[in-house]
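*Asks:* Just so we're aligned: the sequence shown equals residues 9 to 224 in the numbering used here.
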Amino acid sequence: MYIINKIIIKKIFLILAISSIFSCKAQRGSFYETINLDPQDRSEDYAINGKYYKDLNNTLNNFTGTYLYTNGATSFKIILQKKLESSVNNVYKEDILIGSYQYIENGVEKINVLNDINNNYANGWNYSINANNILTGQTLGCTDCSANEKWLRGIIDDPLPNGGGSATLFIRKKIVGGQEAIKVWIYKSMYAAGPGSAPINSVAYPIGEEFILIKQ
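Listed below in structure tokens is the structure:
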């Protein structure tokens with residue numbers, strides 16, 4: 009009887025150990041099928057349940073860092089980091105570039121959400137800057153992009169009370185005077201209200217102007 013019980017106990021421990029291993033793997037997202045984030049290297053649609061869109065080519069790494077634009081009393085500071093396995097409502101996962109920023113115009117601080125980068129959001133979309141739409145070459149009319157250049161389209165958000173909300177953010181990596189830099193441009197559709205239209209909230213970030221920010 010003792011021998012039989014001992015065998016049963018060993019089996020129970022084995023089953024528990026196996027269950028624990030699978031549980032840990034599930035928590036790490038290993039049951040998500042890995043797909044390349046770059047649309048040039050995949051043939052299926054995006055945002056599919058159970059997929060992990062991984063930056064297999066490490067394209068996002070090229071954009072990480074702290075960058076600064078200055079012109080007199082005007083400055084634009086952006087911090088960018090790569091977040092792995094950002095969870096979108098537990099439906100799918102993705103690698104994503106997250107960030108925060110500060111904009112000072114003519115000595116007046118319009119917005120400062122630099123500390124946003126220190127938050128631990130599970131979903132990278134919740135940061136004031138997020139980008140992982142990888143573009144290649146002269147896509148969307150980038151006439152001075154090289155044929156194989158990788159650049160990004162993402163979102164910048166003005167979370168201030170009565171702020172203007174989100175806008176599209178384009179980011180290109182540059183070398184300026186031997187220094188690493190990024191070139192950014194912000195586009196917000198229907199920003200100007202027409203005659204008789206309801207007023208549109210102003211935004212704290214600069215719209216429609218290109219900025220070269222030097223890596224610090």
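Ideal Cβ positions, reconstructed from N, Cα and C, are used throughout, including at glycine.
In whole angstroms, what separates the C-alpha of residue 127 from that of residue 135?
*Replies:* The count along the sequence shown starts at 1 and reaches residue 127 at position 119. The count along the sequence shown starts at 1 and reaches residue 135 at position 127. Each residue's alpha carbon lies about 8 Å from the other.
*Asks:* Mind checking whether residue 175 and residue 220 have CB atoms under 8 Å apart?
*Replies:* Counted from its first residue, the sequence shown places residue 175 at position 167. Counted from its first residue, the sequence shown places residue 220 at position 212. Not closer than 8 Å, so no.
*Asks:* Can you look up residue 89 in the DSSP assignment and give me helix, strand or coil?
*Replies:* Within the sequence shown, numbered from 1, the residue matching residue 89 stands at position 81. Note: residue 89 maps to strand in three-state DSSP.
*Asks:* Are the CB atoms of residue 118 and residue 212 within a distance shorter than 8 Å?
*Replies:* Within the sequence shown, the letter at position 204 stands for residue 212. Within the sequence shown, the letter at position 110 stands for residue 118. For residue 212 and residue 118, yes; Cβs fall inside 8 Å.
*Asks:* Identify whether residue 125 lies in helix, strand or coil by the three-state DSSP scheme.
*Replies:* Your numbering for residue 125 matches position 117 in the sequence shown. If DSSP states are grouped into helix, strand and coil, residue 125 belongs with the helices.
*Asks:* Is residue 4 helix, strand or coil when you go by DSSP?
*Replies:* Here the chain covers residues 9 to 224 and nothing more, so residue 4 does not appear.
*Asks:* Grab me the residues of residue 70's own chain with a C-beta within less than 6 Å of its C-beta, minus the 5 sequence neighbours each way, in chain order.
*Replies:* One-based indexing of the sequence shown puts residue 70 at position 62. These residues qualify, in order along the chain: 181.
*Asks:* Using the three-state DSSP reduction, which class does residue 114 fall into: helix, strand or coil?
*Replies:* Reading the sequence shown from its first residue, position 106 is the one you call residue 114. Residue 114 falls in the coil class under three-state DSSP.
*Asks:* Output the residue ranges of the beta strand (DSSP E) runs that lie fully inside the region 117–182 and measure 3 residues or longer, sorted by chain position.
*Replies:* With a minimum length of 3 residues, the continuous beta strand (DSSP E) runs that stay inside the region 117–182 are 137–144, 158–166.
*Asks:* Consult DSSP for residue 187 and reduce its assignment to one of helix, strand or coil.
*Replies:* Along the sequence shown, one-based indexing puts residue 187 at 179. Residue state, collapsed to three classes: strand.
*Asks:* Determine the DSSP secondary structure at residue 214, reduced to helix, strand or coil.
*Replies:* Counting from 1 along the sequence shown, the entry for residue 214 is found at position 206. If DSSP states are grouped into helix, strand and coil, residue 214 belongs with coil.
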